[in-house]
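Residue numbers (the numbering used here): 35 to 403.
Beta carbons: idealized from backbone N, C-alpha and C, even for Gly.
Since the model is a prediction, treat every value here as computed from it, not as a measurement.
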């Protein structure tokens, strides 16, 4: 096992009530990467940030309904992970899936339309925030049930292995998922049958409102694959290049060696669990820590690129204006997209026709007269 981003020792483990408040900056710098690649990563991160901010705005304006969970603060992790996948690789995520959907190749306009519940959305408006899905890009769903994606991702990896395919499955989840039954069952089967899947735990230190230290006897989550003899690593999720490097290495090993791996990426969730969560379970110190410049992945990367002479003031303004315009275009597209027709309500209940399927509308009588 490798810990490439180990937090400094703190009081959280000893007290059981407080989070670690000091974490090691493990940035390896820009690593001689091409400027155009670095700027592309920067733009993708900024785009996800502005997209999610616009999503939050639309939610408060009642343009978006239902549950809504944002990637704010996790942009470097999202871009780094998606950069490690080939177009033919598969992705399963949890309900915090907007950034991943865009990063895997979905049209941002159609993602926003899905958030608005419109028929031009990626799931024709019936999925909403938690259920992005697109077979063309092989993003096989965000899942609202905690851990619901793990057995399905493992099954997809089994199908690949059965066909002797060259694809890899990446299965993303939050830290709280490591405490449910589907976690143990899926990792056990994945290793028992040597399946090409990389399980990625996004550790933002708080599963909804409970800290990792309070809910996990082993809070170093990358070690929790050891019970299944699955090799695990931890990476600094604020560092897009570190995430990309670690994820790329494990994905390619899974492809070549036909065996599962576990990656833990830690970063700070800037807001509450969902758009409507005020995060009152956090202290003022914890809120300031999560939103500080040193823990904001975009500001950290911006500073690195600026110091390297790659990102100038003029270029920064140009990228910001371009991103703003594209996000506004996505919102306008969603706004002008039609609502699904009520007659289509039951069209996607099952993939194939089912005998005696109920198509009763809410106002219809329970029994036919």
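According to DSSP, residue 232 shares a beta bridge with 204 and 295. Its Cα nearest to that of residue 329, the residue 271 stands out among 154, 271 and 121.
Counting the other CB atoms within 10 Å of its CB gives residue 307 a total of 16 or more, which places it among the buried residues.
Taking the CA atoms as reference points, residue 153 sits about 11 Å from residue 369. Per DSSP, residue 222 is one residue of the alpha helix (DSSP H) stretching across 215 to 226. Residue range 266 to 270 is occupied by the beta strand (DSSP E) that includes residue 268. Remark: three or more beta-carbon pairs, one from each stretch, lie closer than 8 Å, so the stretch 198 to 218 and the stretch 248 to 256 are flagged as touching.
Secondary structure of residue 37 (DSSP, three-state): strand.
Cβ contact annotation for residue 358 (same chain, cutoff 8 Å, sequence separation greater than five): 84, in chain order. The alpha-carbon of residue 309 is positioned some 19 Å away from that of residue 237.
Only residues of its own chain outside the window of five on either side were considered, and among them 171 have a CB closer than 6 Å to the CB of residue 139, listed in chain order.
When C-beta atoms of the stretch 296 to 307 are compared with those of the stretch 219 to 239, three or more pairs fall below 8 Å, so the two segments count as touching.
The criterion of a C-beta distance shorter than 9 Å is not satisfied by residue 332 and residue 73.
In the structure shown, residue 105 adopts coil according to DSSP, grouped into three states. 148 is the residue among 131, 148 and 75 whose C-alpha sits nearest the C-alpha of residue 373. Judged by their CB atoms, residue 305 and residue 104 are nearer to each other than the 9 Å cut-off.
Rounded to whole angstroms, the separation of the alpha carbons of residue 278 and residue 115 is 6 Å. Inter-segment contact for the stretch 178 to 190 and the stretch 114 to 128 is present: three or more beta-carbon pairs are separated by less than 8 Å. By the C-beta density criterion, residue 393 is exposed, having fewer than 16 other C-beta atoms within 10 angstroms.
Taking a contact as a CB-CB distance under 8 Å, the pair residue 134 and residue 112 counts as one, their CB atoms being some 6 Å apart. Secondary structure at residue 375: coil, using DSSP grouped into helix, strand and coil.
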